[in-house]
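K.L.:
Residues 6 to 93 (this note's numbering) make up the sequence shown, in order.
From the three backbone atoms N, C-alpha and C, an ideal C-beta is built for every residue, glycine too.
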Amino acid sequence: MFRLLGRRRSNDPRLLAGMLGVTQTEAEVAAALSGARSVQSVAADRGVSVATVRTQVRRLIDKLGFANLGQLKALLASLPELPGGTVA
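(1) Look at the alpha carbon of Gly-26 and the alpha carbon of Arg-42, and state the distance between them as a whole number of angstroms.
(2) Could you give the DSSP three-state label for Pro-85: helix, strand or coil?
(3) Just to confirm the assignment: which complete beta strand (DSSP E) runs, minimum length 3, are found wholly within the stretch 20–70?
(4) Do you know how far the Cα of Lys-68 is from the Cα of Val-47?
(5) Drop a sphere of 10 angstroms on the beta-carbon of Pro-85, count the other beta-carbons inside from all chains shown, and report buried for 16 or more, exposed for fewer.
(6) Could you check which residue in Gly-40, Gln-61 and Arg-51 has the C-alpha nearest to that of Leu-80?
(7) Work out the CA separation of Ile-66 and Ala-82 for me, nearest whole Å.
(8) Buried or exposed: where does Asp-50 fall if 16 or more other Cβ atoms within 10 Å of its Cβ makes it buried?
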């Protein structure tokens, strides 16, 4: 764990789950995809199949009313940094 100048990134899965109204796992996938990472790399890091991550992404997109992954990534990129906290 490390501190980022008193700022907590808004793509912290714990925060995303609450802000977006999604499960912790869905929030972890969203956070992992918030950068330039691919579904394949997220699946490899999480130790699950690409199909599993794609299913989680589809659920996220449906829950949030988006048409595609690009819209989800745009939302994540637009979230502000939040004050305070430690980033894992």
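P.N.:
According to the structure data:
(1) The residue you call residue 26 lines up with position 21 of the sequence shown. The residue you call residue 42 lines up with position 37 of the sequence shown. If you take the alpha carbons of Gly-26 and Arg-42, they lie about 23 Å apart.
(2) For the purposes of this step, residue 85 is identified with residue 80 of the sequence shown, where counting begins at 1. Coil, per DSSP.
(3) none
(4) As a position in the sequence shown, residue 47 is number 42, starting the count at 1. As a position in the sequence shown, residue 68 is number 63, starting the count at 1. Rounded to the nearest angstrom, the two C-alpha atoms are 20 Å apart.
(5) Here residue 85 refers to the residue found at position 80 when the sequence shown is read from its first residue. Exposed, since its Cβ has fewer than 16 Cβ neighbours within 10 Å.
(6) If you number the sequence shown from 1, residue 80 lands on position 75. The shortest Cα separation from Leu-80 among Gly-40, Gln-61 and Arg-51 belongs to Gly-40.
(7) Here residue 82 corresponds to residue number 77 of the sequence shown, with the count starting at 1. Here residue 66 corresponds to residue number 61 of the sequence shown, with the count starting at 1. Each residue's Cα considered, the two are about 15 Å apart.
(8) Counting from 1 along the sequence shown, the entry for residue 50 is found at position 45. Residue environment analysis places Asp-50 among the exposed positions, since fewer than 16 neighbouring C-beta atoms fall within 10 angstroms of its C-beta.
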